[in-house]
Every structure is written in structure tokens, then in C-alpha cells.
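*Asks:* What follows is a structure written as C-alpha cells; I'll ask about it next.
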């Protein structure tokens, strides 16, 4: 199974935690996030067998936006002369 990277560095500042896929130890299928209805805790559960494990962290998705301008800058110069 995959294990997440360390959250805290030695100086106490928090760094970005790596989001990894988790796999079932019994059937090797992917584990999906699921809430335990009794305790309201996050778990990762297999959809094929009944295996589930407690989540060690609560982040299941991260959307990182990149503001850097790439090599597409200036490509729109010829849009006015495009007949389509």
C-alpha cells in the first residue's frame, strides 16, 4: 500500500503532503474514500471486497493552479486571419 509523505518538516513549517493512490491488501484493487456512518471518520474502502482502513490524513484531493505563462504566449496573433 502507498504511504503519504511526511507532513511536518524539522523546523515546524508545514509543507505540501503528497496525495497517493491506496490499494487493497487483499485483492489489490483501488481503495476509495468513504465516511464511516457510525463514527463519521474518513476511511478508505475497497469496492470489490469488504476491506477498509482508517484514513491517516483528511486530504483526498488537491487542486494546484499554475500561474506561470508557458510557450503558448503569442500564439493568438494569427487568430484574426484564421478562416475557420
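Residue numbers (our numbering): 27 to 110. Even for Gly, the Cβ is constructed at its ideal location relative to N, Cα and C.
Taking the alpha carbon of residue 81 as the point to measure from, which residue in 89, 59, 102 and 50 has its own alpha carbon closest?
*Replies:* As a working note, residue 81 is residue 55 in the chain shown. Residue 59 is the option with its Cα nearest to residue 81.
*Asks:* Can you have a look at residue 34 and say buried or exposed, based on whether 16 or more other CB atoms are within 10 angstroms of its CB?
*Replies:* Translated into positions along the chain shown, residue 34 becomes position 8. Because residue 34 sits at a pLDDT of 43, beneath the cut-off of 50, its placement in the model cannot be relied upon, and the point is left open.
*Asks:* From residue 62 to residue 70, what does the alpha carbon distance come to, in whole angstroms?
*Replies:* As a first step, residue 62 is located in the chain shown; it is residue number 36 there, counting from the start. As a first step, residue 70 is located in the chain shown; it is residue number 44 there, counting from the start. If I take the Cα positions, the gap works out to 10 Å.
*Asks:* If you reduce the DSSP assignment to three classes, tell me which class residue 103 lands in.
*Replies:* For the purposes of this step, residue 103 is identified with residue 77 of the chain shown, where counting begins at 1. Three-state DSSP puts residue 103 in a helix.
*Asks:* Candidates 90, 88 and 52: which alpha carbon is nearest residue 79's?
*Replies:* To locate residue 79, count along the chain shown from 1; it is residue 53. When only C-alpha atoms are compared, the closest one is 52.
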